[in-house]
Each structure stands twice: as structure tokens, then as C-alpha cells.
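Residue numbers (full-length UniProt numbering): 1 to 803.
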């Protein structure tokens with residue numbers, strides 16, 4: 001195992017130690033033990049900047065299941081490094097923030113940090129794995145750990161609901177992605193991302209190309225909350241604010257973005273990829289920003305704004321996919337959209353992370369996130385207000401913050417999409433700049449609502465649960481760092497060139513030989529600038545008049561929302577599954593046996609028929625003697641008697657006759673040990689049957705009906721015939737020499753036993769026999785416990801427990 005493998009697994013290893021630290025160091029907040037790891041990992045990954053800036057990559061492989069091509073292969077390039085730095089850097093700040101946000105006296109910190117470390121390790125595994133199946137394993141682990149984090153306050157119904165919704169939607173997408181991975185393997189014979197990229201010509205010409213593309217996008221869209229799968233993200237805001245700041249602004253929701261970026265060299269250039277990625281992205285951008293304006297909860301506003309910003313990045317990656325067809329568009333234009341996507345990915349992590357922390361501070365210090373109860377906090381919380389201004393103005397795309405730069409590049413990418421000379425862009429391309437501009441207006445509005453509805457206006461202390469005051473310095477440091485980065489990257493964006501440029505080379509296809517990263521504020525009086533001025537003017541007007549035009553949200557029927565569709569789908573699924581289950585689950589054991597044996601007859605009978613196995617060879621079958629015929633007739637008569645007797649006692653006796661007759665067969669075949677075993681088991685079974693059936697009620701009239709007995713007869717006859725034909729078929733078409741010759745030769749020589757059956761059971765199948773004994777022992781303990789509880793129930797000791 002190399003160092004980088006240990007680095008990826010280190011969060012899981014630390015998670016094992018967290019409960020012990022929480023238990024034995026109660027005077028210290030558990031977060032301090034955790035904080036050191038993401039900080040160390042961030043510093044560790046920084047050393048790879050020089051590697052990726054030189055156009056090099058770092059790889060390391062640890063054998064896992066080489067027989068089927070599954071190795072834990074680490075591939076660190078510009079894109080992987082960018083995400084690793086975001087995961088560890090934001091992770092360190094979130095852990096520091098959580099130390100002051102979560103009380104060590106009131107919260108179960110051991111479970112919180114275990115879940116957080118699980119998520120951190122899973123995300124590192126996703127972005128650094130070269131093997132698609134290994135990446136998928138980490139991918140689903142992010143869903144599981146985020147489920148646990150969202151439901152951290154599990155006593156709240158909304159937390160459980162949000163966790164379940166996120167789990168169902170993201171795991172559904174993950175399973176679809178797994179199917180896409182399998183299709184990709186069928187095309188190339190490899191699970192390696194690098195090898196699949198190298199075989200892009202084979203993939204694009206294959207008939208499975210489009211199905212694989214669709215399945216990968218389904219996984220990406222569900223993870224990154226693209227419309228219509230975005231509905232899980234707002235409900236996930238029931239998680240503690242540190243979770244929201246980490247998972248839902250910088251990491252988990254970016255996993256889908258990472259997948260689209262990583263697989264772009266494979267699928268980009270196809271019109272299906274272009275229209276789906278850019279189309280769903282631009283619709284998500286608009287719908288998220290439009291929905292955010294009507295929210296009254298601060299975290300809900302940020303949730304829908306996150307949906308919107310993810311749509312923005314996704315649409316840019318879609319436009320950038322035209323790089324594979326760069327002959328259709330202007331010089332170097334194909335890199336603008338992808339460059340904007342990568343740059344905004346970083347910017348969004350900084351300003352949205354700080355905004356989530358600001359909202360957490362407001363909630364922590366006032367006891368509410370409802371903007372209808374807030375207001376006038378500017379003088380009481382000046383530092384928090386300043387941080388909110390920086391983050392919200394950057395999100396709105398206002399200068400001089402970093403969000404303004406990436407938003408201008410976003411407009412450039414949308415406008416240059418019109419220059420694509422293919423894929424019907426001549427007629428449909430106008431939807432991109434139009435929706436981009438409209439969505440930016442709504443982004444401006446909700447950004448202003450977030451700041452001014454919270455910090456200005458009338459102060460309403462009577463509506464707040466706490467007396468507002470500024471947060472402690474420890475809680476302010478993380479958002480101050482992020483807000484400082486917003487300003488620094490706004491004034492000096494080229495500081496990020498060493499991070500952005502290698503990431504671009506990872507996303508763009510191999511036919512792009514050079515990338516020029518130039519980010520600056522002033523581009524002259526161009527269309528993008530006038531679009532920004534229009535956003536500000538129209539945004540200010542609509543913000544000031546939101547009370548008048550905001551009534552349009554009431555026009556949308558509440559019964560036709562996607563959330564209603566989701567809830568209704570779950571209810572319908574539950575009712576449908578219950579109704580379907582009740583059909584076979586009659587509560588009557590006989591019905592279950594009929595279904596089981598009937599299915600067995602149909603399945604095995606069809607298999608025998610279609611493989612022509614009914615044509616058996618009887619030349620090597622032993623001759624049948626008179627005694628065997630007599631015993632067979634006795635067994636048949638006894639078996640048929642069971643079907644038609646009206647007494648359970650007579651049925652048990654007839655069943656015993658079948659078993660005892662079978663023991664006589666063993667005597668005839670010179671297997672006295674088997675005969676003795678059969679006699680003992682049959683005696684015990686008959687005795688137990690008599691003991692149990694004695695307490696059962698009389699046979700019902702249903703059992704006395706002719707149809708009931710005929711069905712039993714048909715099922716019994718069918719099972720018997722199928723087993724007979726299977727035995728004869730196997731005997732007549734032996735493909736290998738019987739293993740009995742091996743046991744005959746080895747039983748005494750290797751095990752020192754003269755009784756071959758005993759040697760097989762004790763030596764050759766020793767573990768099998770041991771486990772069988774263990775199962776019987778467990779069953780015996782269970783029976784003993786039930787008897788004890790039954791006796792206690794009769795005495796009235798633990799009546800409630802016995803039930």
C-alpha cells in the first residue's frame with residue numbers, strides 16, 4: 001500500500017478512533033482530534049501542484065481483485081487534485097466551524113465526526129480512483145454517509161424524511177451509473193478511466209454508446225441535484241449547518257459535476273451529451289433561481305441557490321463539450337465555457353461555503369432562520385453582516401468579487417454557444433443566453449433578499465428565540481477565511497491558474513493541444529457587460545417590488561409539484577407492494593408450498609424439456625429386484641394415503657411408513673449406517689409431529705375438498721417425477737468421473753477411517769459439518785429462550801417482553 005492509498009483511507013482509520021477519543025477525552029471537544037487530519041491532507045495534496053502544473057500525473061496501483069480487473073488504482077491529475085484540495089480544505093474549515101457550532105455537552109459528537117470522516121474519505125476515493133468499480137463503491141458510500149449526516153438529528157421527522165429522500169434518489173442514480181460502467185466495460189474490456197479515454201474511438205462507434213451515456217448522466221444528475229432530481233437537496237438542509245456547508249456546497253453535490261467533467265473526454269462531442277448536459281443544466285439554473293426567491297427560510301434560499309449554481313456549472317460543461325467539434329466555433333471559444341465551469345466551481349465553494357456558515361451563525365445566535373422574523377441585525381452582528389455581503393454579492397455576480405468574473409465568463413460561454421454550427425444550434429441556441437440572463441436576474445434578487453431581509457429593516461427581538469449577538473471568534477474564522485478568498489480571487493484570479501489549467505487539460509479532449517487561461521475584470525464595453533448591467537437594473541427593480549409580482553408563485557398548483565409526485569410515488573409504491581405481497585402471502589403454509597414446488601416443477605421441467613434431458617439412457621441402471629418393487633409399492637400407497645386421509649394422526653402414521661420404508665431401502669443397498677440414521681430421524685420426527693399436531697385444531701373443511709386434494713396430488717406427483725428425471729438424466733449423461741472413487745481411495749489413506757461416510761462428514765466436510773452443528777446450536781438456544789419466555793409469561797413475570 002502506497003502513501004497516497006493510506007491518505008485516502010486515513011479518514012476511515014481515524015473514524016475508528018473517534019469514539020475512543022470522545023469517550024476518554026471528554027474535557028476536549030472531539031472536533032479538535034478530527035481537525036488535524038483534513039488540515040494535514042490539504043497540505044499533503046498541495047505538494048502535487050508542481051506535478052500537475054508541469055502536465056504530469058501521479059499514479060499508484062494496489063492490487064485488490066486482479067482476476068476480474070479490479071484494482072485500487074489512484075490517478076491524480078489536475079481535475080482530481082482540484083477536487084482533493086476542495087474536499088480537504090473546505091473539510092478542515094467545516095470541522096473547525098463545527099467545534100463551535102455543536103455543543104460537546106448536548107450533541108453525540110462521536111457519531112457526527114465518524115459520519116463526517118466517512119464522507120470525506122469516500123469523496124477522496126471518488127475523485128482519485130481510476131477504476132470505475134472502485135469509484136462506484138466510494139460513490140455509494142458518499143450516499144450512505146450523507147444519509148447518516150442528514151439524519152443526524154434523527155428525532156426530527158423532517159431530518160429522517162430528507163435523509164431518506166436523498167438516499168433513494170442518489171442511490172437510484174448510482175445504480176444507473178453502475179449499469180453504465182458495465183456497458184463501458186463491455187465495449188472496452190477495461191474498468192480503467194484512462195484506458196476508456198484512450199479507447200474513445202471504439203466507444204463512440206459502439207451500439208451501446210448512447211445507453212452508457214444516458215446511464216452515466218442519470219448518476220451525475222441525481223447526485224448534483226439537476227432538474228427534476230433536485231428535490232432532495234432542499235430537504236437535506238435539515239442537517240446541521242456544518243454538514244450543509246460541506247456536503248451541499250463544496251463536495252457531495254459536486255460529485256456529479258466531477259463525473260461529467262471526468263467522462264467528458266469519453267462522451268463529449270456527441271450531440272446527445274451536449275443537449276442533455278447543457279439543456280438540463282440551463283433549466284436547473286433557471287428553476288433553482290426562480291424557486292429560491294419565494295423561500296422564507298435562509299437555508300432553503302441557499303438550497304435552491306445551490307441547485308441553481310450547480311445547473312450553471314453543468315450547462316457550462318455541456319457547452320464546453322463542443323470542444324471535440326471545435327471546428328464549428330470561433331478560435332479558442334471552446335475552452336471559455338469549460339474554463340468558466342472550473343473557475344466557478346472554485347468560486348462557488350468559497351462564497352457558498354461562507355454563506356452557509358453565516359446562516360448557521362444567524363440561526364445559532366438568534367434561534368431562527370425565518371426571514372419574516374429576522375431583520376435589523378446589521379448593528380448587532382457587524383462581522384457576520386460583512387461576511388454575508390461579500391458572499392451574497394459574489395453569488396449575485398457583482399464586482400469586484402470572484403463570482404463576477406466567473407459570471408462574466410458564463411455569459412461569454414452562453415453567447416459563444418450560438419456560434420456552434422451543428423446540432424440545431426442555429427434555431428435552438430438562443431435559449432441558452434436568454435435563460436442564463438433571466439436566471440441571473442433571479443440570482444441577484446435572492447442574493448439581495450438573503451442579505452437585506454436578514455440584516456436591515458426592522459429589528460424584531462420578540463420573534464427571536466435568543467437575544468442576538470456576534471458569534472464567537474472560533475465560529476467566525478472559517479467564514480472569514482472563505483470570504484477572504486472570495487475577495488483575493490476576485491482581485492487576483494490568476495493565482496488559480498496553476499490549479500485551473502491542469503484541470504482543463506483533464507476535461508478537454510486530446511485534440512485540444514493548448515489552453516490559455518486569462519481571467520481579468522475589464523473586457524471593454526461588450527455584450528456580457530451590458531447583460532450584467534441589465535441584471536443589476538432589472539434585479540434592483542424586481543427586488544424592490546417583489547411584494548407585488550411575487551404573487552405569481554401562488555399561481556402554481558401545489559398538488560402538481562415534483563415533491564408531491566415523489567411523495568405520491570412512495571405511497572403508491574408502498575400500497576402496490578403491499579397489495580402484491582398479500583396475493584401470495586395468504587398465511588396458509590400449504591399455499592406457500594404449492595407456489596414453491598409449482599415454480600420448481602415449471603422451471604426445472606422447462607429446463608429438462610429444452611435441453612432434451614428427458615431422453616435418458618437406462619443401459620447402466622442397476623436391475624430392480626422383487627423386494628425393491630414391494631417397498632416402492634408400499635411407499636407409493638403410503639404417500640397417496642397422506643393426501644386423502646381426514647385425520648392428522650393417520651397422515652403422520654402414513655408419512656412415517658414412507659420414512660421407515662426408505663430405511664429398508666438402505667438396508668437392501670447395504671448401507672447400515674444410513675439405515676440407522678434414517679430410523680432414528682424418522683422416529684424422532686414422527687414423535688415430534690404427534691406432539692405438535694396434537695394441539696392443533698381439527699382439519700378445516702377446505703382441506704376436505706376434492707380440488708384441494710387433487711392439487712396436492714398434482715404437485716406431489718410433479719415434484720416426484722421431476723426429481724426422478726433429474727436423477728436419471730444426471731446418471732445417463734455423466735461429464736466427469738464420479739468423486740466416489742476419490743473418497744474410496746483417500747478415506748483410509750489420508751483420514752485413517754474405514755467408514756467412508758463418517759470420514760467425509762468429519763474430515764473432508766469438517767467445516768460444513770461444524771457450521772451445521774453451529775446452526776443447530778443457535779436454533780436450540782432460540783427454542784430454549786422461547787420456552788423460558790413462555791413459562792415466564794404464564795407466571796406473569798415479563799408478560800410484555802414475551803410478546
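Note that the Cβ used here is the ideal one computed from N, Cα and C, for glycine as well.
- request: Go through its chain and collect everything with a Cβ distance to residue 19's Cβ below 6 Å, but skip five positions before and after it.
  value: Within the same chain, 110 come within 6 Å of residue 19 by CB-CB distance, once the 5 residues on both sides are set aside.
field: Exposed unless 16 or more other CB atoms sit within 10 angstroms - verdict on residue 11
entry: Buried, because 16 or more other Cβ atoms sit within 10 Å of the Cβ of residue 11.
- prompt: Hey, residue 336 and residue 413: beta-carbon distance below 8 Å or not?
  reply: With contacts defined as CB atoms closer than 8 Å, residue 336 and residue 413 qualify as a contacting pair.
task: Measure the CB-CB distance between residue 682 and residue 656 and report whether it falls below 8 Å.
output: Taking 8 Å as the cut-off, the beta carbon of residue 682 is found closer than this to the beta carbon of residue 656.
- prompt: Where does residue 401 sit, in a helix, a strand or coil, going by DSSP?
  reply: Three-state DSSP puts residue 401 in coil, outside helix and strand.
query: Under a Cβ-count criterion, where at least 16 other Cβ atoms within 10 Å of its own Cβ denotes burial, should residue 4 be classed as buried or exposed?
result: Residue burial is scored here from C-beta neighbours: residue 4 has at least 16 other C-beta atoms within 10 angstroms and is therefore classed as buried.
message: On the DSSP letters alone, give me the boundaries of the alpha helix (DSSP H) that residue 596 sits inside.
response: Counted as a single uninterrupted DSSP element, the alpha helix (DSSP H) harbouring residue 596 occupies residues 589-610.
field: Environment of residue 242 [buried if 16+ CB atoms lie within 10 Å]
entry: The residue is buried, with at least 16 neighbouring Cβ atoms inside 10 Å.
task: To the nearest angstrom, report how far apart residue 498 and residue 567 are at their CA atoms.
output: The straight-line gap separating the alpha-carbon atoms of residue 498 and residue 567 is approximately 46 Å.
query: Using the rule of at least 16 other Cβ atoms within 10 Å of the residue's Cβ for burial, across every protein chain shown, is residue 228 buried or exposed?
result: Exposure of residue 228 is indicated by the presence of fewer than 16 other C-beta atoms within 10 angstroms of its C-beta.
query: In whole angstroms, what separates the C-alpha of residue 147 from that of residue 163?
result: Put simply, the backbone Cα of residue 147 is about 5 Å away from that of residue 163.
query: Roughly how many angstroms lie between the CA atoms of residue 400 and residue 493, to the nearest whole one?
result: Cα-Cα distance, rounded: 11 Å.
message: For residue 76, report the span of its beta strand (DSSP E) as first-last.
response: 70-76 is the span of the beta strand (DSSP E), which, as asked, contains residue 76.
Buried or exposed by the 16-neighbour rule on C-beta atoms within 10 Å, applied to residue 14: By the C-beta density criterion, residue 14 is buried, having at least 16 other C-beta atoms within 10 angstroms.
task: Could you tell me if residue 409 is buried or exposed, where buried requires 16 or more neighbouring beta carbons within 10 angstroms of its beta carbon?
output: Taking every protein chain shown into account, the CB of residue 409 has 16 or more other CB atoms within 10 angstroms, so this residue is buried.
Beta-carbon spacing of residue 184, residue 132 below 8 Å: In this structure, residue 132 lies closer than 8 Å to residue 184 by Cβ.
message: Since residue 255 and residue 142 should fall inside the 8 Å C-beta cutoff, what is the C-beta to C-beta distance between them, to a whole number of angstroms?
response: That pair is a contact at about 6 Å.
Extent of the continuous beta strand (DSSP E) run through residue 58: For residue 58, the enclosing beta strand (DSSP E) has its first and last residue at 58-65.
task: Reducing DSSP to helix, strand and coil, say where residue 130 ends up.
output: Residue 130 falls in the coil class under three-state DSSP.
field: N-terminal and C-terminal residue of the alpha helix (DSSP H) that residue 102 is part of
entry: Segment: none, residue 102 is in no alpha helix (DSSP H) and carries neither H nor E.
message: Could you compute how far the alpha carbon of residue 442 sits from the alpha carbon of residue 550?
response: When rounded, the distance between both Cα atoms is 12 Å.
- request: Determine the closest residue to residue 423 out of 307, 273 and 646, with distance taken between C-alpha atoms.
  value: Selected option, being the one with the closest Cα: 273.
message: Checking 8 Å against the spacing of the C-beta atoms, do residue 107 and residue 159 come in under that value?
response: Contact flag unset, no.
message: I need the DSSP call for residue 732, collapsed to helix, strand or coil.
response: The three-state secondary structure of residue 732, taken from DSSP, is helix.
Residues near residue 153 by beta carbon distance below 6 Å, same chain, minus five either side: Result list for residue 153: 159, in chain order.
- prompt: When DSSP labels each residue in this structure, what does residue 741 get in the three-state scheme?
  reply: Helix.
field: Close-in-space but distant-in-sequence residues of the same chain around residue 66 (CB under 8 Å, 5 per side omitted)
entry: Hits under 8 Å: none found.
- request: Starting from the C-beta of residue 451, find all residues in its chain whose C-beta is less than 7 Å away, skip the five residues before and the five after it, and write them out in chain order.
  value: Same-chain partners within the cutoff: 388, 389 and 392.
query: When DSSP labels each residue in this structure, what does residue 440 get in the three-state scheme?
result: In the structure shown, residue 440 falls within a helical segment according to DSSP collapsed to helix, strand and coil.
field: Minimum length 4: unbroken alpha helix (DSSP H) runs contained in the region 140-200
entry: DSSP runs (the alpha helix (DSSP H)) wholly in the region 140-200: 157-188 and 193-198.
Delimiting residues of the alpha helix (DSSP H) encompassing residue 752: Neither: residue 752 is in no alpha helix (DSSP H) and is coded neither H nor E.
Any alpha helix (DSSP H) of 4 or more consecutive residues that is wholly inside the region 252-295: For the region 252-295, whole alpha helix (DSSP H) runs of length 4 or above, ordered along the chain, are 254-267 and 271-292.
- prompt: Can the beta-carbon of residue 616 be found less than 8 Å from the beta-carbon of residue 706?
  reply: Cβ atoms of residue 616 and residue 706: not closer than 8 Å.
Distance CB(residue 262)-CB(residue 193) smaller than 8 Å: Less than 8 Å separates the beta-carbon of residue 262 from that of residue 193.
message: Applying the 10 Å Cβ sphere with the 16-neighbour rule, what's the burial state of residue 510?
response: Here residue 510 is exposed: its Cβ has fewer than 16 other Cβ atoms, across all protein chains shown, within 10 Å.
message: My assumption, with CB atoms under 8 Å, is that residue 96 sits in contact with residue 477. Please give the rounded CB distance.
response: Sure, about 7 Å apart at Cβ, within 8 Å.
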